[in-house]
Each structure stands twice: as structure tokens, then as C-alpha cells.
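Taking numbering that gives the first Met the number 0, the leading residue of the sequence shown gets 0, the next gets one more, and so forth.
Glycine is no exception: its CB is placed at the ideal position from the N, C-alpha and C atoms.
Note that the structure is a prediction, hence the values are computed from the model and not measured.
To start, the structure itself, in C-alpha cells.
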Amino acid sequence: MPRDRRRGPRARRTPGRGPLLRHVRTLAAPFVLVALILGSIIGGWASLSESATIGALGAVLLTWLRGALSLQRVHEVVVRTTITTAMIFLIFVGATTFSLMFRLLGGVEAFTGALAALRLGPWGTLIVVLLVIFVLGCFLDWIEIVLISFTIFRPVLDALDFSAYIGRPYVAFGWITILVALTLQSSFLTPPFGFALFLVRGSAPPGVRMAHLYRGIVPFVLIQVFVITCVAIFPSIATWLPDQLLNLEATRGVKVRE
Numbered sequence: 000m001p002r003d004r005r006r007g008p009r010a011r012r013t014p015g016r017g018p019l020l021r022h023v024r025t026l027a028a029p030f031v032l033v034a035l036i037l038g039s040i041i042g043g044w045a046s047l048s049e050s051a052t053i054g055a056l057g058a059v060l061l062t063w064l065r066g067a068l069s070l071q072r073v074h075e076v077v078v079r080t081t082i083t084t085a086m087i088f089l090i091f092v093g094a095t096t097f098s099l100m101f102r103l104l105g106g107v108e109a110f111t112g113a114l115a116a117l118r119l120g121p122w123g124t125l126i127v128v129l130l131v132i133f134v135l136g137c138f139l140d141w142i143e144i145v146l147i148s149f150t151i152f153r154p155v156l157d158a159l160d161f162s163a164y165i166g167r168p169y170v171a172f173g174w175i176t177i178l179v180a181l182t183l184q185s186s187f188l189t190p191p192f193g194f195a196l197f198l199v200r201g202s203a204p205p206g207v208r209m210a211h212l213y214r215g216i217v218p219f220v221l222i223q224v225f226v227i228t229c230v231a232i233f234p235s236i237a238t239w240l241p242d243q244l245l246n247l248e249a250t251r252g253v254k255v256r257e
């Protein structure tokens with residue numbers, strides 16, 4: 000008896016190009032926006048503040064092209080931006096007050112003198128600073144760490160001389176800055192107050208607890224430490240692009256105001 004084809008197993012359907020094209024169109028717009036922002040800086044067309052304006056205008060344009068621009072959405076964006084700006088401004092006020100009192104009481108000189116008395120050398124001092132920032136990242140957000148701790152660490156970092164290890168003094172300080180930025184990036188991951196942990200917890204299934212996230216984040220923190228170690232051992236990972244930009248500035252005259 001011949002088998003009814005309608006009841007047989009369905010042939011596998013190969014996915015068409017429709018979903019792929021939709022994904023490409025979805026990802027193309029943000030990539031173009033990022034390329035426009037970075038290209039304006041590298042090409043010397045805009046400074047850092049001006050590139051931020053270009054990014055904001057580009058985001059509004061993309062929203063309009065997708066048909067998602069409305070007065071209600073603009074109102075929500077303005078309200079959220081105002082709240083975030085007010086919060087950061089309050090942090091600035093508190094951090095500035097703390098920094099002023101810390102300097103007036105001689106805290107910067109005491110801390111710098113204590114590190115100098117240990118005679119750790121440039122590498123030892125840099126490791127101590129990075130470790131302190133890493134530990135602070137477990138309890139504070141990166142904004143608080145930058146505004147509060149850099150008052151203490153900036154004189155120490157300015158005194159470090161890695162020009163013989165890097166080559167150019169200005170690029171050497173940029174390398175130190177990138178190491179500090181990578182360490183600050185760990186504040187999003189390190190428990191108990193890692194911001195990324197709470198974001199994942201908000202979208203995780205009900206059965207996932209914070210203890211599961213604390214255990215699961217350990218490999219990613221180790222990867223972050225590995226990246227910091229690689230940048231410290233192989234500084235060209237972080238200094239090649241700034242070195243090329245400095246050469247471009249010398250030959251073409253890049254617009255740098257900040």
C-alpha cells in the first residue's frame with residue numbers, strides 16, 4: 000500500500016536569506032554609527048565633545064529611519080538623561096568635596112610618601128595601585144572609583160617612569176591609563192556589587208540565584224585578569240594604535256583640543 004505523503008515526515012526546510020538579511024540590517028546601523036564617531040576623531044574632523052554630538056544626532060537619525068521616533072520617546076529619553084546627569088553631578092560634588100578635604104589634610108602627600116618609603120619600584124607601585132582599584136571595584140562603581148581614588152593615585156601614576164619600557168613618554172602614560180581602564184572594567188563583573196551581575200539576574204529564569212552568578216562570573220574575571228596581564232607584558236597591544244595616531248597628528252594635524 001503506498002504511503003500517504005501528506006502524513007510522512009516533512010522535508011527539512013533550509014533557512015532562506017530573509018532572516019540573515021534582517022540581522023545584517025539590524026547590526027549595520029550601529030556599526031555605521033560607531034565608525035562615524037571614531038572616524039571623525041581619527042580623521043581630525045571633530046574633537047571628543049564634538050564626536051559625542053555626532054553620535055547623538057546619528058542615534059536620533061537612526062531612530063527616525065526605523066520609524067520609532069515619537070514625542071513620547073523623546074520625553075522618556077530627556078527624563079532619563081536628566082536623572083542620570085543629576086546623579087553624576089551629585090557624585091561629582093561629593094567627590095570634589097572629599098578630594099579637597101583630603102588634599103587640605105595632607106592625605107595625598109602622606110599616601111605618596113608611604114608608597115615611596117616601601118621602595119617598590121615602578122612595577123611594584125603600579126601593581127599595588129591596580130590591586131587597590133580592583134578591590135574597590137568589588138564595592139564601588141567605576142564613576143566613584145575615578146572621582147575619589149584618582150585624587151590619591153594620580154600623583155603616584157604621574158611619577159612612574161616607563162618610557163624606557165614603552166618608548167615614548169606620552170604613550171607610556173597612555174599605556175598606564177589603559178591598564179587602569181581595564182582594571183576599572185572589572186568593577187562591572189566582580190561580586191558582590193558587580194553591575195553586570197544584577198543585569199543578568201534581572202533577565203535570568205526564576206530558579207537562578209545570585210550565588211549561581213557569583214560562581215559563574217569567576218571565569219570571566221580570570222579572563223579579565225589575563226587580558227590585563229597580556230597588556231602589561233606586551234604593551235604594543237595597547238600602544239600601537241595611539242602611536243599611529245600620534246604619527247598621523249604629526250603628519251596631517253589631527254584636531255585635538257582635549
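Outcome for residue i when other beta-carbon atoms lying within 10 angstroms are tallied against a minimum of 16
i, result
"T238", "buried"
"F133", "buried"
"I165", "buried"
"V217", "exposed"
"L37", "exposed"
"I191", "Note that residue 191 is Pro in the sequence shown, not Ile. Per the 10 Å Cβ criterion, exposed."
"G173", "buried"
"L178", "buried"
"L117", "exposed"
"R5", "Confidence at R5 is low in this model, with a pLDDT of 49, below 50, so the placement of that residue should be treated as unreliable; the coordinate-derived value is given next. R5 should be labelled exposed."
"F99", "The sequence given here places Leu at residue 99; Phe does not occur at that position. When all chains shown are included, L99 counts as exposed."
For residue i, the three-state DSSP class (helix, strand or coil)
i, result
"D160", "coil"
"V217", "helix"
"L65", "This sequence places Arg at residue 65; Leu is not what is there. Coil."
"A85", "helix"
"P190", "coil"
"R200", "helix"
"W174", "helix"
"W44", "coil"
"D242", "helix"
"A237", "helix"
"G166", "coil"
Chain-order list of residues whose beta-carbon lies under 8 Å from that of residue i (same chain, five-residue window excluded)
i, result
"L114", "T124, V127, V155"
"L181", "Q223, V226, I227, V230"
Segment limits, alpha helix (DSSP H) that includes residue i
i, result
"P121", "120-135"
"V207", "Neither: V207 is in no alpha helix (DSSP H) and is coded neither H nor E."
"F110", "106-117"
Spatial neighbours of residue i in its chain, beta-carbon cut-off 7 Å, leaving aside the 5 residues before and after
i, result
"S264", "Nothing about residue 264 can be reported from this structure: the residues present for the chain run from 0 to 257 only."
"G57", "L32, L35"
Neighbourhood of residue i by C-beta, 6 Å cutoff - its chain only, sequence neighbours within 5 removed
i, result
"Y213", "P190"
"V143", "Looking at the sequence shown, residue 143 is not Val but Glu. Around E143: no qualifying Cβ."
"S39", "A45, S50, I53"
"Y171", "Here residue 171 turns out to be Ala, not Tyr, going by the sequence shown. Correct list, in chain order: F161, S162, I165."
How about the region 122-136 and the region 146-158: do they share at least three Cβ pairs that are nearer than 8 Å? Result yes; three or more Cβ-Cβ pairs closer than 8 Å.
Three or more C-beta pairs closer than 8 Å, one from the region 54-62 and one from the region 83-91: is that the case here? Counting Cβ pairs under 8 Å, fewer than three are found: no touch.
Sufficient close CB pairs (3 or more, under 8 Å) joining the region 197-206 to the region 227-234: Flag = no, the region 197-206 and the region 227-234 do not touch.
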